[in-house]
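Reading through the structure tokens given below for one structure.
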Amino acid sequence: MLEQDIPREQVIRLGPEKIYECLELDQLALNGLWSKQQWHQELFDSRRLCMGVLRSSKLLALACGWLVVDELHVTAIAVHPQHRRQGHARLVLSKLLDEARRAGAAHATLEVASTNSAARELYKSCGFKTAGCRHHYYSDGQDALIQWRSLKDQSEQRKTI
Ligand SMILES: CC(C)(COP(=O)(O)OP(=O)(O)OC[C@H]1O[C@@H](n2cnc3c(N)ncnc32)[C@H](O)[C@@H]1OP(=O)(O)O)[C@@H](O)C(=O)NCCC(=O)NCCS
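If you read the sequence shown in this note's numbering, its first letter stands for residue 3, the second for the next number, and so on.
This is the structure:
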């Protein structure tokens, strides 16, 4: 196989035409977080951002968030179980943060289960810090750790110190 024939990943903004790929990945990685109707809303509403990593036409990873005033609320991040630990989550999350920054967001926030060590490590490696805890937030009684980060770039952050 020639090098130019090797399928490469591309990161795109996901729209309603990718609803079945999102539903499938949601089932595989998030145990069915959202219904078809909810996914339609996620992919259609212009204040909701969904980014995806595609290889050929296969959806390997997705990251979604809602723009609320100047904040991005990250609502879902998922990577296909057979394609983990290859940097897809970090890539798709960084593209989501870039899109949000371009749309005027100054901060990003999300909640993660205290026992989800893979996700906690991911967010830490992407510059998020724990800003609080919602005790027994999830239906199984687990705590949610509130994660937060600024979306100002490093040079802008230095200027404000
Ligand atoms: C959490 C999840 C999105 C990570 O996806 P991924 O593509 O494997 O993550 P990446 O390869 O981009 O890893 C980025 C960093 O996250 C951390 N990380 C990811 N998976 C990890 C694991 N299993 N254990 C420890 N750290 C992990 C590491 O710091 C990693 O950097 P490194 O590989 O250089 O050490 C994936 O495991 C997943 O889809 N889980 C189920 C859904 C979920 O929990 N979503 C988050 C809900 S809040």
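From the three backbone atoms N, C-alpha and C, an ideal C-beta is built for every residue, glycine too.
Asked: Outcome for Pro-18 when other beta-carbon atoms lying within 10 angstroms are tallied against a minimum of 16; Found: exposed
Asked: Closer than 8 Å: Gly-17 CB and nearest ligand 1 heavy atom; Found: no
Asked: Status (buried if at least 16 other CB within 10 Å, exposed otherwise) for Ile-79; Found: buried
Asked: CB of Leu-147 within 9 Å of CB of Gly-134, strictly; Found: yes
Asked: His-137 burial status per 10 Å Cβ neighbour count (16 or more: buried); Found: exposed
Asked: For Arg-136, three-class secondary structure by DSSP; Found: strand
Asked: DSSP-derived helix/strand/coil call for Val-71; Found: coil
Asked: Whole-angstrom distance between Asp-145 and Tyr-139, CA atom to CA atom; Found: 5 Å
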